[in-house]
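Residue -11 is where the sequence shown starts when you use this note's numbering, and the numbers rise one by one after that.
In this text, a Cβ means the ideal position worked out from N, Cα and C, and glycines have one as well.
Here the structure comes first, spelled out in structure tokens, and everything after it is commentary.
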Amino acid sequence: MKKFITGILFGAIAGAGYALLKTPHSGTENRERLKNYLDDVTFAANDLTGSIAQAQNAVTDLAQQGLSSAKVARDEITLAINDYNQSAVPQISEIQKQVAKLQNDLSAADIRANEKNTDS
């Protein structure tokens, strides 16, 4: 960005110099015009610099807000996971025990059914 502003200033100076060489006006009038032109260019450069600084501050503020929002979301997700672990994990363990018991009961029933079939 610094190179851009430098380029604008050099371009303005070169343009002013060329205008001085090709103008039909008197030296006093040319100096006054040049002074006014340089004042305008200086004002525009300062205004551009201020606008860039404001934009940088706005981007920084947005980044900080985004980071803050991400931290809040992370904390909420962590809380939800902890709640899930406290409530669902014990229930899942109980369900797994019940499934294992049912599988054992089914295996025992199959063994008895096979024994009756082989005895007959």
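What three-state label does DSSP hand A11 in the structure shown?
Contrary to the premise, residue 11 reads as Thr rather than Ala in this sequence. Three-state DSSP puts T11 in coil, outside helix and strand.
Given this structure, state the Cα-to-Cα distance separating N109 from I1, to the nearest angstrom.
Nothing about residue 109 can be reported from this structure: the residues present for the chain run from -11 to 108 only.
Comparing alpha-carbon positions, which option in A88, Y25 and S81 lies nearest G5?
Looking from the CA of G5, the closest CA among A88, Y25 and S81 belongs to Y25.
Throw me the rounded Cβ distance for the I40 and M(-11) pair, which I believe falls under 8 Å.
The C-beta distance from I40 to M(-11) rounds to 6 Å, short enough to fall under 8 Å.
Cβ shell of I80 (< 7 Å), same chain only, five flanking positions each side left out:
None.
Could you give the distance in angstroms between the alpha-carbon of P12 and the alpha-carbon of Q52?
Between P12 and Q52, the alpha-carbon positions lie close to 57 Å from each other.
Would you check if the distance between the CB atom of R21 and the CB atom of A7 is smaller than 9 Å?
Yes, the pair counts as a contact, with Cβ atoms nearer than the cut-off.
Measure the CB-CB distance between I(-7) and T37 and report whether it falls below 9 Å.
Contact: yes.
Whole angstroms are fine: how far does the CA of E103 sit from the CA of D63?
The straight-line gap from Cα to Cα measures roughly 59 Å.
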